[in-house]
Amino acid sequence: MKTTKTFALVLALPFLGATATAQDFDPSDSYRRNGMAKENMTLIGTVTQNPVAGYFVIRAGNGWTYRVDTRFFKPVGLNVGDRVRAYGDWKNGVLHAGNVRILRHGDPDAVVSQIRTNRSMMGTVVANHAGDEFVVRARNGWTYPVRAIYGEPATLSVGDRVRVYGAWTDGMLYANNIRFDYDDAMMKASVSNLGDRDVAVVVRDVAIGEELIVPEITRAGTVVDNPVGSFFTLREANGTTYRVRSLYGWIPKLSVGDRVRVHGKLSQGVLEASNVRIANQADANAVYGTKTAARDKRT
């Protein structure tokens, strides 16, 4: 007696309201070892490409897209966005379908909006457009448009090295996280001692032959000049002054005489602060940034 095995890939897309659980399974994995095709397979998913003569493409619940061969018949009424179940034989990475059933007609625009691939990219800002859009040139030489969905950093400017994380769709990277990058993989780094207070990373940019000192430091002191935009000057108790730039832009209520604690990286003589804490106002616990500043034992 011949035993027939049926494999199902169940798609669960939020915009379709499906409740089934997607299986993380690639049909091709089941036969790669012996090179044999599998018969009577079932593939469930959503049509992501307009059907053309002889085939169409569906996206399964595991996120993979699969080509479905329909050379021996023409599915009637099949469109992008439709949820379908295809039956047939799996061979050479293609499902040769003998039957295609439309489970539910869908919204083509909704499908396109869901076809997003997560991306992480590092590069240099080469253009900063109005609003929250800018352009990054990656190390492969290509340029990519980026839109910051939560707003771009206030201090972002042309020439900054950044890492962006988000979803790629319709020719645009929609970034939900943007980080300034001081430790580019194209740079060569060595450890250097800055006196007895800090250990820094001396980074040499291979492309331009320029050395940048990039330490992680925490400083506490007094604001000695009126802040201009995201910049202000901090003077420590020992008289050392730092030009500080808040990576999150203008800080409300900050003024001359305020005691503050800042944390960030020193770059070309400017302390690029990822955290600024005002220490002598009523809202002393208000923190501007994402990284909590370590306590400065010298003050």
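Quick note, the working numbering runs 58 ahead of the 1-based positions in the sequence shown. Even glycine gets a Cβ: it sits at the ideal position worked out from N, Cα and C.
Local Cβ density within 10 Å of residue i, reported as buried at 16 or more and exposed below that
{"i": "tryptophan 148", "result": "buried"}
{"i": "arginine 30", "result": "With the chain covering only 59 through 357, there is no way to say anything about residue 30."}
{"i": "proline 203", "result": "exposed"}
{"i": "alanine 111", "result": "exposed"}
{"i": "leucine 252", "result": "Caution applies to leucine 252, whose pLDDT of 38 falls short of 50 and renders its modelled position unreliable; the model cannot decide the point."}
{"i": "asparagine 338", "result": "exposed"}
{"i": "lysine 323", "result": "buried"}
{"i": "threonine 298", "result": "exposed"}
{"i": "proline 133", "result": "buried"}
{"i": "phenylalanine 130", "result": "exposed"}
{"i": "serine 332", "result": "buried"}
{"i": "glycine 217", "result": "exposed"}
{"i": "valine 282", "result": "exposed"}
{"i": "alanine 278", "result": "buried"}
{"i": "glycine 146", "result": "buried"}
{"i": "glycine 103", "result": "buried"}
{"i": "arginine 319", "result": "buried"}
{"i": "glycine 224", "result": "buried"}
Beta-ladder partner(s) of residue i, from DSSP
{"i": "alanine 111", "result": "Paired residues: none, contrary to the question."}
{"i": "histidine 321", "result": "Thr276 and Asn333"}
{"i": "lysine 149", "result": "Val152"}
{"i": "glutamate 191", "result": "Arg205"}
{"i": "isoleucine 102", "result": "Arg143"}
{"i": "asparagine 54", "result": "Residue 54 cannot be examined here, being either before or after the span of the chain that is shown, 59 to 357."}
{"i": "isoleucine 309", "result": "Its beta-bridge partners do not exist; DSSP assigns none."}
{"i": "threonine 286", "result": "Threonine is not the amino acid found at residue 286; the sequence shown has valine there. Its beta-bridge partners are Phe289."}
{"i": "glycine 181", "result": "Ala196 and Val220"}
{"i": "valine 328", "result": "Arg301 and Ser325"}
{"i": "valine 281", "result": "Leu292"}
Nearest candidate by alpha-carbon position, reference residue i, set the options
{"i": "alanine 188", "options": "Leu312, Asn137 and Leu214", "result": "Leu214"}
{"i": "threonine 276", "options": "Asp283, Leu329 and Thr227", "result": "Leu329"}
{"i": "valine 314", "options": "Ala331, Thr280 and Arg301", "result": "Thr280"}
{"i": "methionine 180", "options": "Thr128, Leu231, Gly103 and Arg159", "result": "Leu231"}
{"i": "tyrosine 306", "options": "Val134, Val183, Arg335 and Ala278", "result": "Arg335"}
{"i": "valine 286", "options": "Asn296, Pro133, Thr298 and Arg303", "result": "Arg303"}
{"i": "tyrosine 208", "options": "Ile309, Tyr145, Thr227 and Glu191", "result": "Glu191"}
{"i": "tyrosine 124", "options": "Leu136, Gln107 and Asn333", "result": "Gln107"}
{"i": "aspartate 140", "options": "Ala225, Val194, Arg117 and Asn98", "result": "Arg117"}
{"i": "methionine 99", "options": "Phe290, Val158, Trp122 and Gly135", "result": "Val158"}
{"i": "arginine 293", "options": "Arg195, Lys311 and Asp316", "result": "Asp316"}
{"i": "isoleucine 309", "options": "His321, Phe289, Tyr300 and Gly327", "result": "Phe289"}
Boundaries (first-last residue) of the beta strand (DSSP E) holding residue i
{"i": "leucine 231", "result": "230 to 238"}
{"i": "glycine 156", "result": "152 to 162"}
{"i": "threonine 227", "result": "219 to 227"}
{"i": "valine 302", "result": "299 to 304"}
{"i": "arginine 125", "result": "123 to 127"}
{"i": "threonine 291", "result": "289 to 293"}
_the segment 194 to 211 touching the segment 151 to 159, judged by at least three CB pairs closer than 8 Å_ = No: fewer than three Cβ pairs fall under 8 Å.
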